[in-house]
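Chains as they are written, first to last, in the numbering used here: chain D, 1 to 86; chain W, 1 to 86.
Glycine included, each C-beta is placed from N, C-alpha and C at the ideal position.
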């Protein structure tokens, strides 16, 4: 629940808190690679974002709170880690 | 521009008109199959929706107007046709 547990770039909203972040990309292929990596991560983790909103050059991700009512900082960090994989 | 040219289930908004439709699915795998088919269609057509918003059981698609300012009814119909492919 601690605010300091929210990863950089993510915004917490509401109670229980959702976490949202906007990921910009230079073009559609890069956007698509991220979406595919995010889908693979979701399937592997068995956790799906509440909503994903995207256009050619960005992806907005919103995560539900965990079952115990906390922001899902762990899943947010795993999504951030996808960026490092290119 | 004719209203009667808008395919069933799509809503036109604004000038130039965007077209939006919500596609419900019974589960995430079905949602994912539709998203993959839509991505393949977009890449093949060289046309990308303005925005796609999705959760586990639905996909909202919004299409930009065509270059001549008309609703993109043709692309909307090609998206509808993906449903028939399962």
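Contact belief for residue i with residue j at Cβ below 8 Å, rounded distance in angstroms
| i | j | result |
| --- | --- | --- |
| residue 19 of chain W | residue 82 of chain W | That pair is no contact at about 15 Å. |
| residue 22 of chain W | residue 60 of chain W | 5 Å |
| residue 80 of chain D | residue 72 of chain D | Not quite, the Cβ-Cβ distance comes to about 12 Å (not below 8 Å), so this is no contact. |
| residue 24 of chain D | residue 57 of chain D | 6 Å |
| residue 77 of chain D | residue 7 of chain D | 5 Å |
| residue 66 of chain W | residue 51 of chain W | The Cβ separation is near 17 Å, so there is no contact. |
| residue 54 of chain W | residue 41 of chain W | Not really, about 15 Å apart at Cβ, beyond 8 Å. |
Opposing strand residues paired with residue i [DSSP bridges]
| i | result |
| --- | --- |
| residue 75 of chain W | In the DSSP output, where bridge partners are listed per residue, residue 75 of chain W has none listed. |
| residue 11 of chain W | W/20 |
Review point. Looking at C-beta atoms only, is the number of pairs between the region 11-25 of chain W and the region 42-62 of chain D that lie closer than 8 Å three or more?
Key: A contact is defined here as three or more CB-CB pairs under 8 Å, and the region 11-25 of chain W fails this definition with respect to the region 42-62 of chain D.
Review point. Of all the residues that make up the region 31-52 of chain D, which are near chain W by a beta-carbon distance shorter than 7 Å?
Key: Listed by position along the chain: 32, 39, 48, 50, 51, 52.
**Study point:** Contact list for the region 53-77 of chain W against chain D, Cβ threshold 8 Å
**Key:** Listed in sequence order: 53, 54, 55, 56.
Review point. What residue ranges within the region 17-83 of chain D form continuous alpha helix (DSSP H) runs of no fewer than 4 residues, ordered along the chain?
Key: Within the region 17-83 of chain D, the complete alpha helix (DSSP H) runs of at least 4 residues are 28-45.
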